[in-house]
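J.:
Chains as they are written, first to last, in this note's numbering: chain G, 1 to 248; chain D, 1001 to 1250.
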């Protein structure tokens, strides 16, 4: 199929960017979206032009590295998949595809389609961990019985790959879904309860410091999340935060 | 070879290391007011308070189409009871102000958080229109409130405290019906009630999510929200139209 691509090109963080038009022929339905961009880049390189820079790593939908706002939606029109798992069969011959970086003040563009998502790492560092002794006498995690329901819910929250699609989809560029998933994966387990009060306060504080917007419960994040992280996590984080604040 | 590069920069590591939380404890109150979550809770609580007020307001107004005498006696009670006038009324006005001022503060913050705008943003793909446009339905309701306050509240204040008229427990029904004689005012009220319906459609259930309630009762809360956000504004619109179509003939 033949595609008309409108791609955001930006030299570096300080330069202004713009949309550049490309026409790409010979795209097959079995290609992934990133393979389609690989072919475009090969063409650009063979013409002596600079290739389009984009983030990617595992290409198996589990690392959270790939991003891209495709036709106005993070990770494109398909549901529960990352851009690397999005296939070109979701598009038709002659389609125009607008490809932009994830947009948020807290996700500054580094180059072209690559954004700096280290704000997520700083939120994680503010409390997304448990303090355990790892100096030779580590306690087996399975020595504490946990009911299946809680363990499953914690695991569901822990499947967040931190790609940032929630921020990109949210009209307010809010990071509540990400932060709440990271809060929930610990809050649901006994090992995580010990530092629960400080964790939620520190992570929310860091989230605010990074300049993310506020949640208005539109639910866009949940729909666009490639891992299907649920809004119930945000409600849990709100509960955790309220009880942490009341405890003082 | 610079050996320093082989080791972590200990000072910068300490700045980001988890243990710093024991050193710099956030000031609770200032942290609460600046916190995005606290601001959302303020929006939710003031919103829920206004929902309760709407229910009470509707109940009294509906009496005007059922029995004018009941409407007069309830209105007179609300107008002259000191608890209602000097405690509940200021709380209500404060609730309205907190809700819209905080709404503006959050909206400005949210717009700043995007930074560069998308060339293409498909909001309709993942969120309903009402949830994405609360600021606009809210602005229309706020503009309506200005007219509504002028029509009834300012009128009452002038009548009672400036002109210092004597108490007249029978005047309310006639005054209300008279207000809806002009078609333009009736239309403005009906349009505002439609926007109120849209605002409630998202806002009511949303406030529960903000308060941390998302459990087995959520489907029931959402259903109740839909019923409430249609029935109450439709009822208000019915009252306005009823009085417009049934003027008092002298």
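Virtual Cβ for every residue (Gly too), placed ideally from N, Cα, C.
Check the Cβ-Cβ distances between residue 1121(D) and every residue of chain B, and say whether any is below 7 Å.
T.: Absent from the structure is chain B; the protein chains it does hold are G and D.
J.: Please return the same chain residues whose Cβ sits closer than 7 Å to the Cβ of residue 128(G), not counting the five positions on each side in sequence.
T.: Here the set comprises 182 and 203.
J.: Taking the Cβ atom as the reference point for each residue, do residue 126(G) and residue 206(G) lie within a distance shorter than 7 Å?
T.: Yes, these two residues count as a Cβ contact at 7 Å.
J.: Rounding to the nearest angstrom, what Cα-Cα distance links residue 89(G) and residue 68(G) in this structure?
T.: Answer to the nearest angstrom: the Cα atoms are 18 Å apart.
J.: Run the CB neighbour count on residue 241(G), radius 10 Å, all protein chains shown included, and call it buried at 16 or more, exposed below.
T.: Under this definition residue 241(G) is a buried residue.
J.: With distances taken from CA atoms, which of 198(G), 175(G) and 24(G) is nearest residue 130(G)?
T.: When each option's Cα is compared against that of residue 130(G), the closest is 198(G).
J.: Kindly list, in the order they appear in chain G, the residues whose Cβ is closer than 7 Å to that of residue 1210(D).
T.: The contacting residues are 217 and 238.
J.: Would residue 1170(D) count as contacting chain G if we go by Cβ distances under 7 Å?
T.: False, the Cβ-Cβ gap to chain G never drops below 7 Å.
J.: Should the region 1157-1164 of chain D be regarded as contacting the region 1056-1073 of chain D, the criterion being three or more beta carbon pairs within less than 8 Å?
T.: No, because fewer than three Cβ pairs between the region 1157-1164 of chain D and the region 1056-1073 of chain D fall closer than 8 Å, the two stretches do not touch.
J.: List the residues that DSSP assigns as beta-bridge partners of residue 18(G).
T.: According to DSSP, residue 18(G) bridges with 9(G).
J.: Kindly list the residues whose CB is nearer than 7 Å to the CB of residue 80(G), restricted to its own chain and excluding five residues on each side of it in sequence; keep chain order.
T.: So the qualifying residues of the chain are 226 and 228.
J.: Quick check on DSSP: helix, strand or coil for residue 1199(D)?
T.: Helix.
J.: What residue from 1167(D), 1234(D) and 1102(D) has the CA that sits closest to residue 1034(D)'s CA?
T.: When only C-alpha atoms are compared, the closest one is 1102(D).
J.: Please classify residue 243(G): does DSSP put it in a helix, a strand, or coil?
T.: The answer is helix: DSSP assigns residue 243(G) an H, G or I state.
J.: Are the CB atoms of residue 74(G) and residue 224(G) within a distance shorter than 7 Å?
T.: Going by C-beta atoms, residue 224(G) is nearer than 7 Å to residue 74(G).
J.: Closest to residue 52(G) by CA distance: which of 72(G), 149(G), 62(G) and 110(G) is it?
T.: It is 110(G).
J.: Using the beta-carbon count (16 or more within 10 Å), is residue 155(G) buried or exposed?
T.: By the neighbour-count rule (16 or more Cβ atoms within 10 Å), residue 155(G) is not buried but exposed.
J.: Using a C-beta to C-beta distance shorter than 7 Å, which residues of chain G count as neighbours of residue 1213(D)?
T.: In chain order: 235.
J.: Mapping DSSP to helix, strand and coil, what is residue 114(G)?
T.: DSSP places residue 114(G) in strand when its eight states are reduced to three.
J.: By the three-class DSSP mapping on this structure, what secondary structure does residue 1242(D) have?
T.: It is helical.
J.: So who's on the other strand from residue 24(G), going by DSSP bridges?
T.: Looking at the DSSP assignment, residue 24(G) forms a beta bridge with 3(G).
J.: Strictly under 7 Å for the Cβ-Cβ distance: is residue 82(G) near chain D by that measure?
T.: Judged by the 7 Å Cβ criterion, residue 82(G) is not in contact with chain D.
J.: I'd like to know whether the C-beta of residue 18(G) is nearer than 7 Å to at least one C-beta of chain D.
T.: No, its Cβ sits nowhere closer than 7 Å to a Cβ of chain D.
J.: Nearest chain D C-beta to residue 22(G) closer than 7 Å, yes or no?
T.: Taking Cβ atoms only, chain D never reaches closer than 7 Å to residue 22(G), which makes this a no.
J.: Residue 1112(D) touches chain G at which residues, Cβ-Cβ below 7 Å?
T.: Chain G residues near residue 1112(D): 105.
J.: Just tell me which of 1128(D), 1238(D) and 1173(D) has its CA closest to the CA of residue 1075(D).
T.: When only C-alpha atoms are compared, the closest one is 1173(D).
J.: Going along the region 178-206 of chain G in order, which residues come within less than 8 Å of chain D, judged by CB to CB distance?
T.: Per Cβ criterion, the list reads 198, 201, 202, 204 and 205.
J.: With DSSP as the reference, please indicate the residues paired to residue 213(G) in a beta bridge.
T.: The partner list for residue 213(G) (beta bridge, DSSP) reads 174(G).
J.: Using only alpha-carbon positions, find the residue among 1062(D), 1087(D), 1091(D) and 1037(D) that is nearest to residue 1050(D).
T.: Closest option to residue 1050(D), Cα to Cα, is 1091(D).
J.: Give the C-beta separation of residue 166(G) and residue 178(G) to the nearest angstrom, bearing in mind that I take them to be a contact with Cβ-Cβ under 8 Å.
T.: Their Cβ separation, rounded to whole angstroms, is 6 Å, which keeps residue 166(G) and residue 178(G) in contact under 8 Å.
J.: Can you find a CB in chain D that lies within less than 7 Å of the CB of residue 110(G)?
T.: No, residue 110(G) does not count as interfacial toward chain D.
J.: Residue 1197(D) CB to nearest chain G CB: under 7 Å?
T.: No, residue 1197(D) lies away from the interface with chain G (no Cβ there is under 7 Å from its Cβ).
J.: Starting from residue 98(G), follow the beta strand (DSSP E) in both directions and report where the run begins and ends.
T.: Looking at the DSSP string, the run of the beta strand (DSSP E) that includes residue 98(G) is 96-100.
J.: Who are the Cβ neighbours of residue 1214(D) in its own chain at under 7 Å, not counting the five residues just before and after it?
T.: The answer is none, since no qualifying residue turns up.
J.: Shortest alpha-carbon distance to residue 101(G) belongs to which of 143(G), 13(G) and 46(G)?
T.: Here the closest residue by C-alpha is 13(G).
J.: Within 7 Å of any Cβ in chain D, is that where the Cβ of residue 232(G) sits?
T.: With 7 Å as the cut-off, residue 232(G) counts as an interface residue toward chain D.
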